[in-house]
Amino acid sequence: MADFPIVLVDDFQGATDSIKIQAAINFAETNNQKVVVSGNRTYTLNAPIVIKKGVELQASRATHYTVQGNFRVFELQQNASLVGGFITINSSSYNSDVIFLDGKYQYEKTRVKDLYLTNWSGKNGGTAIKLYAGANGSKIQYINFENISISRFSKGIFLQAVKPATGEAWVNANRFDKITIDGCTDMIVLDSSKQPPNECSGNVFTNLQIQPSSNTNKLFTITGTENQFEGMSWDLHFIKHTNPVVEFKAASAGNQFRILLPYNRIVNNGDHNNSIGRDIIPLTTSDPKNPTIGQIWLRVDL
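Numbering (my numbering), first residue to last: 1 to 302.
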């Protein structure tokens, strides 16, 4: 094979597209050729793809990965990257993760961008993007997720830090920019403690476009400290219930939420979380000595 800095998937042989893509990635890692490019065609994936340490898998303009089966589709190792592509799920029983990062690899230079992830099966299932840390020293930090569209999964973006037996694990200081999430059951979920040993803190979500559907249960479930959320949410009337769609859990503190939603659709069980709403007086009470949190009173007896 010619010694080029870019490795082409379609130069490799294999019984399936999954085998060809994995062979190209393995070759790139072994030969220090860090960019693997898939072609302008549809690839049928029937097995997981592991993007090896330091390798970037790039899609061409018309690359389509169609997933047949229920498995973790792309797992990124340390400082691996995934750029471009249209990824579709076709199984109505899908309950795995499309893009998965495990903090055991201690990421710091990974990027994930320019992706379309859609569940075409007709039934919400699985997680589009999952970041997980659960072992001592596990960390996912300083990663940029940019220009990603997610549609009709059970969870859109899921950050999870589980308390390890010893030591610490965290998913901190990551950036999510220009993210569209459409029709997922739970759009964005952060699951952690408020502070070490396991936390999801300092993550920044900007330029969000959130479109609920009749399948949507919650827009945001938030734990951790000093995460930031900014963007737009649309059409709450599509959601079948009138309960809160944003929940700051008890294990949350100091988070900033800048998406206009009615106050009665936001519940804050944490400490010093700051959110804005579109209601001037969010809730009313007849007793000024026992007002609802956030109540504004105008004194007329002065």
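Glycine included, every Cβ here is placed at the ideal spot set by N, Cα and C.
On a predicted model such as this, the values are computed, not experimentally measured, just so you know.
Task: Test item: CB-CB of SER154 and ASN124 under 7 Å - done: Contact flag set, yes.
Task: Own chain, CB closer than 7 Å to ASN70, minus 5 neighbours either side, in chain order - done: Spatial neighbours of ASN70 in its own chain (CB-CB distance under 7 Å, excluding positions within 5 residues in sequence) are listed in chain order as SER91, SER93, TYR94, ASN95, SER96.
Task: Ranges of the beta strand (DSSP E) found wholly within the region 10–79, counting only runs of at least 3 - done: Uninterrupted beta strand (DSSP E) stretches at least 3 residues long and entirely within the region 10–79 occur at 35–37, 42–45, 49–51, 56–58, 64–67, 74–76, given in chain order.
Task: Assigned exposure category for PHE238 - 16 Cβ within 10 Å defines buried - done: The residue in question, PHE238, is exposed, as its Cβ has fewer than 16 Cβ neighbours within 10 Å.
TODO: In angstroms with no decimal places, state the Cα-to-Cα distance between GLN160 and ASP17.
DONE: Each residue's alpha carbon lies about 31 Å from the other.
Open item on the list: Could you give the first and the last residue of the continuous beta strand (DSSP E) run that contains PHE230?
Closed with: First, the residue type needs correcting, since residue 230 is Glu and not Phe in the sequence shown. Secondary structure note for GLU230: its beta strand (DSSP E) is the uninterrupted segment 228–233.
Task: Cα-Cα separation, ILE25 to VAL83 - done: Rounded to whole angstroms, ILE25 and VAL83 show a C-alpha spacing of 14 Å.
- [ ] Please state if the CB of ASN46 and the CB of GLN68 are separated by a distance shorter than 7 Å.
- [x] Less than 7 Å separates the beta-carbon of GLN68 from that of ASN46.
Task: Bounding residues of the beta strand (DSSP E) (the contiguous stretch that carries GLY137) - done: Looking at the DSSP string, GLY137 is not in any beta strand (DSSP E), and its letter there is neither H nor E.
TODO: Please name the residue or residues paired with LEU82 in a DSSP beta bridge.
DONE: LEU82 pairs with LEU57, VAL112.
Task: Straight-line Cα distance separating VAL98 from LYS57 - done: Strictly speaking, residue 57 in this sequence is Leu, with Lys absent from that position. Our two residues, LEU57 and VAL98, have alpha carbons roughly 15 Å apart in a direct line.
Open item on the list: the ligand PLP and ILE259: does any heavy atom of the ligand fall closer than 6 Å to the residue's C-beta?
Closed with: Absence of the ligand PLP is noted for the structure shown, with no ligands found whatsoever.
- [ ] Let me know if SER275 comes out buried or exposed under the rule of 16 or more other beta-carbons within 10 Å of its beta-carbon.
- [x] Classification for SER275: buried.
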